[in-house]
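Residue numbers (this note's numbering): 657 to 1066. First comes the structure, then the notes that go with it.
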Ligand code: AMP
Ligand code: MG
């Protein structure tokens, strides 16, 4: 499973969809959201809906790459009078004449007539004249106008998410505003009568609600605007009102209540509310009972309640959908390669994503050390992980040292 593979090497497993089949079933139902203009100061993490084009040449003029002296190469070596000192933002008022030098700062406009810059380290500066001992090469230490980008060039292509380098490039090229897909609106509804908020006292059989914050953090990291509501009790009326509210969003993500127990009501109530189920259950561990459906344009994800299942299911299925809604060019999970530090037993029927801690060995290879507690309720153990390692289904085990694919956790 590599980042650029669109068809991943999985086939259907019994009646369960494989991870890649489930992902394609989701992505084939995602329609990118419309675009809106966004000031670049507000555009971090947004995905470009159309290419952003340079307003100016970059650099906008031939500029010096060094602090030094602008001269004509043919006047070197030699002794030249310094007729002006060019500062960044303070260009010369006249061209450089034959036999002259101008002091120039990094970023200063190379005066007309000059064709080379001699770094300060290579001249003897007598204040109003300089000595140049060696012949200079034409064009040295000059950044040509447009050498980085030409006005009209695409600075950032459509489908790219804007991070530090992209935002810097847009600013440098004079782009003030870009077209970005709307941020998806995501509703999170956690289900379970047993769930309480941290800070409240736990009654018999109660636990603290964890998935809401997990999913809200992941959704926001993927670019969505999140509405997180109170945990929903396991009764049909409570489900009906919470889910109906959530279905107004572009993406509804629920946790819990998608297994086969008598209190697992999510799929049934969603069906009553008009959600058309696309699939239920995927050959993956953890997270097998995941459900996906649509109502109109709303994407509806039912993640299992165990916190690690919710976390993993999000990375495999929900994050790609949220990125695809924003028109991301490459929304699929970005698997990288590393080396397993300890053997990992394979599951006969399901691909498994195990939690691991990364480090780097002497050769610069990422080493993945599986955590001891791998059960899907063990969010406390998962807090020590920064990677999910893919252990493909099959017999036996992956030996220590095996090359594996993993997803980095944010
Ligand atoms: P469910 O998928 O509803 O059967 O839940 C599976 C397990 O996950 C049960 O032990 C639940 O108590 C637990 N669980 C469900 N939702 C949450 C949540 N939001 N936070 C923490 N644990 C949960
Ligand atoms: Mg439940």
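Backbone N, C-alpha and C define an ideal beta-carbon position, used for all residues, glycine too. Bear in mind the structure is a predicted one, so any value in this text is a computation, not a measurement.
Residues near residue i in its chain [Cβ-Cβ closer than 6 Å; skip 5 each side]
i: residue 901; result: none
i: residue 796; result: 772
i: residue 941; result: 1003, 1006 and 1008
i: residue 792; result: 729, 732, 772 and 774
i: residue 1058; result: 996
i: residue 840; result: 880, 906, 907, 978 and 981
i: residue 821; result: none
i: residue 807; result: 710, 712 and 713
i: residue 746; result: none
i: residue 932; result: 949 and 950
i: residue 851; result: 865 and 887
i: residue 776; result: 723 and 724
i: residue 689; result: 837, 838 and 981
i: residue 896; result: 925
i: residue 877; result: 1066
Beta-carbon proximity list for residue i, same chain, < 8 Å, skipping 5 on both sides
i: residue 660; result: Only weak support exists for where residue 660 lies, its pLDDT of 37 falling under 50; the coordinates are left without a value.
i: residue 964; result: 942, 1011, 1031, 1032, 1033, 1034, 1035 and 1038
i: residue 1016; result: 1022 and 1023
i: residue 737; result: 755, 756, 757, 784 and 785
According to DSSP, residues forming a beta bridge with residue i
i: residue 781; result: 786
i: residue 720; result: 798
i: residue 1015; result: 1023
i: residue 1008; result: 941 and 1047
i: residue 732; result: DSSP lists no partner for residue 732.
i: residue 1059; result: 995
i: residue 774; result: 725
i: residue 883; result: 843
i: residue 1034; result: In DSSP, residue 1034 forms no bridge with anything.
i: residue 704; result: 836
i: residue 692; result: 836
i: residue 954; result: 951
i: residue 1001; result: 1053
i: residue 812; result: 708
i: residue 1039; result: Note: residue 1039 sits in no beta bridge, so no partner.
i: residue 975; result: Paired residue(s): none; residue 975 is not in a bridge.
i: residue 738; result: 757
i: residue 805; result: 714
i: residue 817; result: 703
i: residue 968; result: None, per the DSSP bridge assignment.
i: residue 746; result: 743
i: residue 765; result: 719
Candidates the options: closest to residue i by CA position
i: residue 815; options: 703, 685 and 809; result: 703
i: residue 962; options: 848, 807 and 690; result: 848
i: residue 810; options: 676, 910 and 713; result: 713
i: residue 1063; options: 1025, 971, 898 and 1028; result: 971
i: residue 687; options: 1025, 1060, 1054 and 955; result: 955
i: residue 845; options: 701, 959, 935 and 696; result: 959
i: residue 976; options: 685, 924 and 1053; result: 685
i: residue 894; options: 921, 764 and 927; result: 921
i: residue 991; options: 984, 802, 1044 and 999; result: 1044
i: residue 968; options: 984, 952, 946 and 983; result: 946
i: residue 800; options: 768, 1040, 1028 and 842; result: 768
i: residue 872; options: 928, 929, 909 and 716; result: 909
i: residue 1020; options: 994, 1028 and 1041; result: 994
i: residue 752; options: 744, 856 and 739; result: 739
i: residue 671; options: 952, 935, 777 and 1029; result: 935
i: residue 912; options: 923, 903 and 904; result: 923
i: residue 760; options: 741, 750 and 778; result: 741
i: residue 721; options: 867, 744 and 861; result: 744
i: residue 891; options: 903, 782 and 899; result: 899
i: residue 884; options: 853, 914 and 860; result: 853
i: residue 794; options: 770, 930 and 780; result: 770
i: residue 1025; options: 1056, 782, 856 and 726; result: 1056
Neighbourhood of residue i by C-beta distance below 7 Å, restricted to the same chain and skipping five residues each side
i: residue 836; result: 691, 692, 694, 699, 702, 703, 704 and 705
i: residue 829; result: 710, 711, 712, 714, 805 and 811
i: residue 1054; result: 996, 999, 1000, 1002, 1047 and 1060
i: residue 834; result: 694, 696, 699, 704, 708 and 826
i: residue 719; result: 763, 764, 765, 766 and 799
i: residue 803; result: 715
Minimum Cβ-Cβ distance from residue i to chain B less than 9 Å
i: residue 791; result: Among the chains in the structure shown there is no chain B, since it carries only a single protein chain.
Closer than 7 Å: residues whose CB approaches a heavy atom of the ligand MG:
847, 848, 890, 912, 913, 919, 920 and 961
Uninterrupted beta strand (DSSP E) stretches inside the segment 886-923 (no shorter than 3 residues)
907-911
Write down every uninterrupted run of the beta strand (DSSP E) in the segment 919-951 whose length is 3 residues or greater and which is fully enclosed by it, in chain order.
Restricting attention to beta strand (DSSP E) runs no shorter than 3 residues, the segment 919-951 encloses them at 932-936 and 947-951, ordered along the chain.
Residue ranges of each alpha helix (DSSP H) run of no fewer than 4 residues wholly in the segment 822-881, ordered along the chain?
867-877
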